[in-house]
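Quick note on numbering: the sequence shown equals residues 1 to 525 in UniProt numbering. Here is the structure we will look at.
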Amino acid sequence: MAALVVGLRLRQLGRTLTRSPWAIVTLVLTGIGALSVLGMLGAGIATLRIGVPGLAPDALVLLAAALVLGWAVGSTLVAGEDGLAPELFALLPVRPARLLPAVLLAGALGIGGVATLLALGLGLVGWSVDGGALVAAALTTPLVLVTCVLAGRAVAGVLGRQLARRSTRDLLLVLATLLIIGSGLLLQAAVAALSALGSPAEAIGAAAEVAAWTPLGAAWGVAHAVAEGRPLVAVAQLAIALATAAVLWWAWARSFSARLTAPVVASGGGAVRTGTLIDRLLPATPVGAIAARGIRYRLRDPRHIVNVVGCALLPLIVLGAGLAGGGGASAALAFAPLLAILVVTTMVQLDTAYDKDAVALHVLTGVRGTHDRAGRLLAIGAVAVPLLLVACVVCALVAGRPELLPGTIGATLGVSMVVAGIGTAISPWLPGQAPGPESSPFGRGSSGGGQALLGLLVMGAGGAVLGGPVIAAAVGALWLPWLGWLGLAAGLVLGGLAVWGGVVVGGRQVDRRWPELLAAVSRED
Numbered sequence: 001m002a003a004l005v006v007g008l009r010l011r012q013l014g015r016t017l018t019r020s021p022w023a024i025v026t027l028v029l030t031g032i033g034a035l036s037v038l039g040m041l042g043a044g045i046a047t048l049r050i051g052v053p054g055l056a057p058d059a060l061v062l063l064a065a066a067l068v069l070g071w072a073v074g075s076t077l078v079a080g081e082d083g084l085a086p087e088l089f090a091l092l093p094v095r096p097a098r099l100l101p102a103v104l105l106a107g108a109l110g111i112g113g114v115a116t117l118l119a120l121g122l123g124l125v126g127w128s129v130d131g132g133a134l135v136a137a138a139l140t141t142p143l144v145l146v147t148c149v150l151a152g153r154a155v156a157g158v159l160g161r162q163l164a165r166r167s168t169r170d171l172l173l174v175l176a177t178l179l180i181i182g183s184g185l186l187l188q189a190a191v192a193a194l195s196a197l198g199s200p201a202e203a204i205g206a207a208a209e210v211a212a213w214t215p216l217g218a219a220w221g222v223a224h225a226v227a228e229g230r231p232l233v234a235v236a237q238l239a240i241a242l243a244t245a246a247v248l249w250w251a252w253a254r255s256f257s258a259r260l261t262a263p264v265v266a267s268g269g270g271a272v273r274t275g276t277l278i279d280r281l282l283p284a285t286p287v288g289a290i291a292a293r294g295i296r297y298r299l300r301d302p303r304h305i306v307n308v309v310g311c312a313l314l315p316l317i318v319l320g321a322g323l324a325g326g327g328g329a330s331a332a333l334a335f336a337p338l339l340a341i342l343v344v345t346t347m348v349q350l351d352t353a354y355d356k357d358a359v360a361l362h363v364l365t366g367v368r369g370t371h372d373r374a375g376r377l378l379a380i381g382a383v384a385v386p387l388l389l390v391a392c393v394v395c396a397l398v399a400g401r402p403e404l405l406p407g408t409i410g411a412t413l414g415v416s417m418v419v420a421g422i423g424t425a426i427s428p429w430l431p432g433q434a435p436g437p438e439s440s441p442f443g444r445g446s447s448g449g450g451q452a453l454l455g456l457l458v459m460g461a462g463g464a465v466l467g468g469p470v471i472a473a474a475v476g477a478l479w480l481p482w483l484g485w486l487g488l489a490a491g492l493v494l495g496g497l498a499v500w501g502g503v504v505v506g507g508r509q510v511d512r513r514w515p516e517l518l519a520a521v522s523r524e525d
């Protein structure tokens with residue numbers, strides 16, 4: 001049974017790679033990114049091993065705890081993307097007792113499992129500070145990996161029915177987005193809290209001592225105790241680690257068996273009401289109808305909510321991080337809204353891809369390409385522009401430099417419109433890939449694939465070249481305030497021309513490439 005399930009898992013990956021060359025590009029880029037992270041992790045562990053060998057065991061216990069916690073939390077963010085979900089086996093005449101080990105093994109051999117195993121393997125370099133600790137860590141590494149996979153499976157299984165509800169998914173989505181965007185601010189707070197415990201080494205040691213007694217870090221806490229010559233503590237922590245794995249297995253087995261006979265079905269939102277304020281404000285034209293639909297998506301669809309929340313909070317969190325740094329308000333904080341341009345590029349680049357096969361509605365009803373492009377940009381602008389304006393005002397006032405507000409608005413809106421125009425023009429050729437409706441925004445396809453990456457690079461380069469003078473004028477307002485007003489006018493004019501050109505060029509290409517565009521965005525890579 002294990003060979004069969006693992007084989008099915010590998011065939012899923014192989015089928016994905018053979019359906020599109022862009023899937024191979026995406027896999028290569030993802031692999032390069034993962035290897036880069038593992039390389040930095042390995043360099044950090046080697047540095048600790050050579051420079052501060054006494055601190056290495058403490059850091060590795062925290063690494064194991066972070067991996068287990070990451071699997072548990074990550075399983076809630078990719079709900080609905082599991083290729084080994086119990087519902088997929090519901091019609092097979094196989095008992096859960098035979099399926100569970102096979103599914104566990106297949107999960108450990110996935111991309112996340114392999115990456116975790118490599119990270120744990122690099123950790124053995126740090127454990128080499130002590131022979132006994134190295135042996136204990138090598139023996140408990142499989143237990144850490146199993147605990148990680150079981151944590152993800154158990155959490156996803158126990159919360160399966162709650163995660164299937166639209167309200168729960170949206171709540172978790174907002175919380176996860178806040179956590180990711182505010183990770184820098186949270187890291188600052190954690191460092192400050194640890195600093196209160198003493199020196200960095202003492203703080204890390206105290207945190208590792210606590211983590212080693214928890215289900216998260218107990219498995220490698222065994223090696224930590226061996227390194228410190230505490231055999232009884234090692235035995236106690238091994239018991240905690242084994243008990244943790246047993247409890248996770250039991251919880252996962254129960255939820256797995258239940259979902260085999262009573263599959264979890266995702267529930268969506270309610271009916272969409274028409275005749276609302278959105279419909280009254282927008283024109284009764286194809287452009288207005290497309291824009292109204294796009295605005296509703298950004299208020300209801302989790303894939304769009306991520307971008308909206310990011311656009312609203314990224315500048316404010318950067319502002320908060322700057323103030324929390326202890327340096328007080330500075331003029332540089334007034335330019336924090338420029339970071340939101342990164343979110344705008346993603347919103348524009350993947351807008352068509354988010355529709356998936358629903359793009360066929362535009363093809364069948366004969367929507368003109370210029371109407372499609374203009375309606376999409378109007379929807380994005382109706383949501384993003386007010387958020388960007390609020391961010392500009394707040395950041396300029398908090399920084400104590402209100403005279404920079406015209407330049408900041410000009411640079412933020414101007415460059416945003418420039419990248420929006422470029423993205424609208426190139427989207428017919430590089431629409432990218434996106435998670436399907438009701439899918440997790442952090443699940444498979446959330447990165448957009450190789451097409452989206454190439455498109456983002458083009459938009460970024462074009463925005464830097466065309467928007468460079470506007471940003472320069474905004475920065476020049478630090479010394480010559482009148483440059484801010486010049487930048488505001490130049491940004492709005494340049495951005496308006498870019499949007500107009502993007503709609504015209506992109507619209508003409510969409511008219512010519514409707515079938516290819518539909519095939520590209522509806523394909524499941």
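Where is the CB? At the ideal position from N, CA and C, for every residue including glycine. Here the structure is a predicted model, which means the values were calculated and not measured.
CB of residue i within 7 Å of CB of residue j, strictly
i	j	result
Gly432	Leu350	yes
Leu150	Trp213	no
Leu117	Leu145	yes
Gly491	Val470	yes
Ala108	Val5	no
Ala208	Leu62	yes
Gly474	Thr370	Per the sequence shown, the amino acid found at residue 474 is Ala instead of Gly. Taking 7 Å as the Cβ cut-off, Ala474 and Thr370 do not qualify as a contacting pair.
Gly476	Val415	no
Leu453	Thr345	no
Ala119	Ala223	no
Arg401	Ala334	yes
Arg254	Pro86	no
Gly366	Val287	no
Ala241	Ala218	yes
Gly506	Arg373	yes
Trp514	Val363	yes
Leu104	Phe89	no
Thr389	Ala340	In the sequence as presented, Thr is not what sits at residue 389; that position holds Leu. Cβ distance not < 7 Å, so Leu389 and Ala340 don't count as in contact.
Whole-angstrom C-beta distance between residue j and residue i, which should lie under 8 Å
i	j	result
Ile278	Ile305	With a Cβ gap of about 16 Å, Ile278 and Ile305 do not count as contacting.
Ala59	Gly126	7 Å
Ala154	Ala251	4 Å
Val135	Arg49	Not really, about 16 Å apart at Cβ, beyond 8 Å.
Gln509	Pro428	4 Å
Pro435	Arg300	Incorrect: roughly 15 Å between the Cβ atoms, too far for contact.
Leu122	Leu41	6 Å
Val499	Ala420	6 Å
Close Cβ partners of residue i (< 8 Å) along its chain, the five nearest in sequence each way excluded
i	result
Val458	Ile422, Ile426 and Leu430
Leu342	Leu314
Ser522	Lys356, Asp357, Val359 and Ala360
Ile204	Leu55, Asp58, Ala59, Leu62 and Leu194
Nearest candidate by alpha-carbon position, reference residue i, set the options
i	options	result
Leu143	Ala65, Pro231, Thr168 and Gly484	Ala65
Arg293	Gly39, Leu453 and Ala379	Ala379
Ala411	Gln509, Leu338, Leu69 and Glu403	Leu338
Ala382	Val415, His371, Leu282 and Val363	Leu282
Ile45	Ala56, Leu35 and Arg9	Ala56
Ser75	Arg49, Ala156 and Leu122	Ala156
Ala472	Leu488, Gly460 and Leu232	Leu488
Asp355	Leu397, Leu163 and Leu518	Leu518
Val318	Val363, Ala396 and Arg298	Ala396
Gly502	Val418, Ala34 and Ala321	Val418
Ala239	Thr261, Pro215 and Ala258	Pro215
Ala399	Gly462, Ser330 and Val465	Ser330
Leu478	Pro96, Thr147 and Glu403	Glu403
Gly229	Arg15, Ala464, Gly113 and Gly131	Gly131
Val235	Gly484, Trp514, Thr140 and Gly322	Thr140
Pro386	Leu413, Thr168 and Leu163	Leu413
Gly450	Gly484, Pro263, Arg98 and Gly33	Gly33
Val247	Thr30, Thr147, Leu175 and Ala291	Thr147
Pro53	Tyr297, Ala133, Pro263 and Val308	Ala133
Gly110	Val493, Trp500 and Gln12	Gln12
Ala289	Asn307, Trp220 and Leu377	Leu377
Val114	Leu77, Val393, Gly31 and Ala201	Gly31
Cys392	Thr424, Ala332 and Asn307	Ala332
Cβ-based neighbour list, residue i, same chain, cut-off 7 Å, excluding 5 preceding and 5 following
i	result
Gly152	Trp71, Ala72, Gly74 and Ser75
Pro96	Ala253, Phe256, Ser257 and Leu260
Leu486	Ala473
Own chain, CB closer than 6 Å to residue i, minus 5 neighbours either side, in chain order
i	result
Val462	Per the sequence presented here, residue 462 reads as Gly, with Val not at that position. Within the same chain, Gly462 has close Cβ partners Ile422.
Val68	Thr147, Cys148, Ala151 and Leu216
Ala291	Leu282, Gly375, Leu378 and Ala379
Gln162	Thr168
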